[in-house]
Each structure stands twice: as structure tokens, then as C-alpha cells.
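In my numbering, the protein residues as written are -8 to 380. Every residue, glycine too, gets a C-beta built ideally from N, C-alpha and C. Worksheet: the structure to be examined is printed underneath.
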Ligand SMILES: *Cc1c(COP(=O)(O)O)cnc(C)c1O
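Here it is as C-alpha cells:
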């Protein structure tokens, strides 16, 4: 481990130095098929030509100006997001945690200053993941991310997912918002129940509670729609993006419905780097590519193929309990820890991830080919069949 760095990651002993499409190469020249995509970031593959062209062009023109000035790229990127979603107004930031932080702040400020009801509490769910800032790790439903960081901010309540009665009991006069992922990703690839999320939306509308959907991992085509909420027939009041939004360039966004516009006023929130000309040139090119090349539909097709081939190849394998997911956010639930499977896959030239200790998580780029899927399935089937249970 590098002595110059704080030990915040259990890093694989691998240094990747080059990437193109679905492939990456390490510093020894070894090639890998990348089914991690920087954790759902390089959704268009590594170094996608059109995004790269937009970035290089912008590098020649202007890198940074303050948000005290108009930023045409930011306005256009915002328009692409609002024209293609249920949202009406965007705040750009630099990461997922910042997008969720903005969502929490906007929800509270809207309730307190627009609705004048003093509400502050955010209800979130066990096994969720929302980020690493103090507010977003408090929102996260996993105790391991909270250890040693007390005191945590007040005003968060975490309950089990998919239990309407528990949610109704948790809601009080103080509830400002309910925040959730539609497929819990870090938590083990768990999609929310369809009936449940409809009931949650109805409850929110009835009680004047805001529905915040964290689309940081599920958004940008990953689940086979541009945004995962489209699968469920609901419309969040606020949703958040980062990961795939910049194809690898760090950028995040919070997208809110019209009524929330007045929740923020000049000076109530901000970010030095949020939505710079460079970042938003990349967002624009990423979204244009996704829309014009029907990338979400391709991801849906590839995801169905991947899940079908995994189910075929892994049926009857004692170590494998379930294959589940949505689009190209796919998990293989195993009967025990999968860390050795990840390491062995690497040795065979395949990069895959875990989601919790017992789930292998597959996140290929959204343009992955059938041949690449076959290659990955063959390696995984061989390794998973060999695990003793
Ligand atoms: C990755 C992730 C985050 C945090 O994003 P960062 O950019 O690492 O801050 C939040 N929510 C979900 C669902 C994520 O997958």
C-alpha cells in the first residue's frame, strides 16, 4: 500500500493505466475485460470518442469561471436533463454525496421556508447507501460507514425497506422527505417492490412529504431506462445523479420539480466547482450520446441477455443462490463470501466487484457486446462452479 495515502480503501494490487471501450490494461501490459466500469461511472465505456472530443474542445476554450457568471454549457446540460426527465430545475455539483447533500438541504428549506411547517426529518432505509459526508452517511442505512463519526447530525430515521406499515408508523409531523434508491446497489442489488414504491409516492402526496430518489448508481441508463424511476411509474420530487453523469469526469447533479424551485434563493446553496464549463460540456456530450444512440434501450437488451446467460450457466451451481438486477446493474447472490472469486476473476482477465460480502456485482458499460458478455459468463461460471460449499 502506498505510504503517501491514507488507508481508506482495500485496494486490489493492480494499477490500471489505459482504457478503451470495455477493456483496460494494467502497468504490466495485461488486458482485462472491465465489468466494474469505475463502479457504474464509465457507462459509455472508457474514453468514449464523442465525449472526449467535447472535452478536448472545451479545454481549448475555457476551463473555469465562477457560478457568479452565466455558464452556457451548464444551462444546456440542465435543459437536456429537464427535457428528458420529470424534473424542472437542476443544481450541479461534483459528486454523489454532494448531490444528496443538496437534496437534503433543499427538502428541509422548502418545508421550512416555503411551506412554513418546520419539518426537518428525512426517512431513509436499511442497507441503503447515500454517501460519505456527515449528513449522507447518517442517511445511509449501514452501520459500518458511521462507526467512529459521532455525533451524527440529527433529523434522520432509518427503517426497513418494503414494509409500508413500518413506514406509516415512522412518519410524523416532522417528516420532510423520504429518500431511497430504487435498486439498492451497494447494499446488495435489491430492487424496491413496485407496489410499495407506489404506496410510498401516494403517502408522500397525501402528507406533503417530498420523495427523493437517489439515482446516483441507477441513473444514466444503467438500469435500461435513462432513470430508474421510469421503470416504476413514479415521479420523484427530487432525484440525484453523479457516477455515469460525466462518463468519468467528476460531476453530480440534483434535479428537482418546479414547486421546489423557490426552496433555494441566491446564496442559499452553492459550489465553487459545481457545473464548470468543462464538467458540463462532458455532461452534455454524455447525455446527447445516450439519447441519440438509444443507449438505455441497448443496456436493457444487454442486461436481459446477461441475466439470462448467467441463469443458464449457473443453474444448479451449489454456491449460487440467485441472479437478480435491473438492466446492467446485476448481482449474483452467493452462499458465502465472494472476495476470492473477485481475485480469481482478475487473474483470468475479468474485473468484477462485490455488493456486500456475498454478492458478485456486474457493472459492464452500457454498450457491452454479446461476445464480451459470453466471455465474462464463461469465466464466472467456471469460478463459481469450483467453489466448495
Ligand atoms: C456512489 C453512490 C453515492 C455516493 O457518490 P459519491 O460520488 O461517491 O459521493 C451515493 N448514492 C449512491 C446510490 C451511490 O451509488
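- In this structure, residue 234 has its CB closer than 7 Å to one or more heavy atoms of ligand 1.
- Distance from the CA of residue 250 to the CA of residue 94, rounded to the nearest whole angstrom, comes to 14 Å.
- Short note on residue 207: C-beta closer than 7 Å to some heavy atom of ligand 1.
- DSSP, reduced to helix, strand and coil, places residue 48 within a helical segment of the structure shown.
- Distance from residue 167 to residue 252 at the Cβ level is roughly 17 Å; contact not present, criterion being Cβ atoms closer than 8 Å.
- Apart from the 5 residues on each side of it in sequence, residue 229 sits with its Cβ closer than 6 Å to the Cβ of 94, 203 and 247 in its chain, given in chain order.
- Straight through space, the alpha carbons of residue 270 and residue 49 are spaced by roughly 9 Å.
- At the C-beta level, residue 39 and residue 272 stay beyond 8 Å of one another.
- For residue 72, the CB contacts under 6 Å within the same chain, skipping 5 residues up- and downstream, are 81 and 246 in chain order.
- Secondary structure note for residue 230: its beta strand (DSSP E) is the uninterrupted segment 229 to 232.
- Taken atom to atom, the span from the alpha-carbon of residue 102 to that of residue 147 is near 15 Å.
- Short of 6 Å from the beta carbon of residue 118, and not among the five residues preceding or following it, lie these beta carbons of its own chain, in chain order: 132, 175 and 178.
- Of all alpha-carbon atoms in 359, 316, 348 and 235, the one lying nearest the alpha-carbon of residue 85 is that of 235.
- Residue state for residue 69 is assigned as helix, using DSSP reduced to three classes.
- Residue 364 sits in a helix when the DSSP states are folded into three classes.
- Linking residue 88 to residue 354 through their CA atoms gives a straight-line distance of about 20 Å.
- Counted as a single uninterrupted DSSP element, the stretch harbouring residue 23 is not any alpha helix (DSSP H) but the beta strand (DSSP E) occupying residues 22 to 25.
- For residue 123, the distance from the CB to the nearest heavy atom of ligand 1 is below 7 Å.
- With contacts defined as CB atoms closer than 8 Å, residue 91 and residue 231 qualify as a contacting pair.
- In this structure, the C-beta of residue 88 approaches ligand 1 to less than 7 Å from one of its heavy atoms.
- Linking residue 322 to residue 64 through their CA atoms gives a straight-line distance of about 36 Å.
- Between ligand 1 and residue 347, a heavy atom-to-CB distance of less than 7 Å is absent.
- Rounded to the nearest whole angstrom, the C-alpha separation of residue 138 and residue 51 is 45 Å.
- Under DSSP, residue 353 shares a beta bridge with 321.
- Here residue 80 is bridged, per DSSP, to 247.
- The beta carbon of residue 12 sits closer than 7 Å to the beta carbons of 36 and 37 from its chain, once the five residues preceding and following it are set aside; these are given in chain order.
- Residues of the same chain with a CB within less than 6 Å of the CB of residue 98, apart from the 5 flanking positions on each side, are 167, 168 and 201 in chain order.
- Per the C-alpha coordinates, the member of 337, 330, 361 and 335 positioned closest to residue 346 is 330.
- The beta carbon of residue 198 lies closer than 8 Å to those of 162 and 166 in the same chain, with the five residues before and after it left out.
- Comparing C-alpha distances from residue 333 to each of 326, 344 and 211 shows the shortest one belongs to 344.
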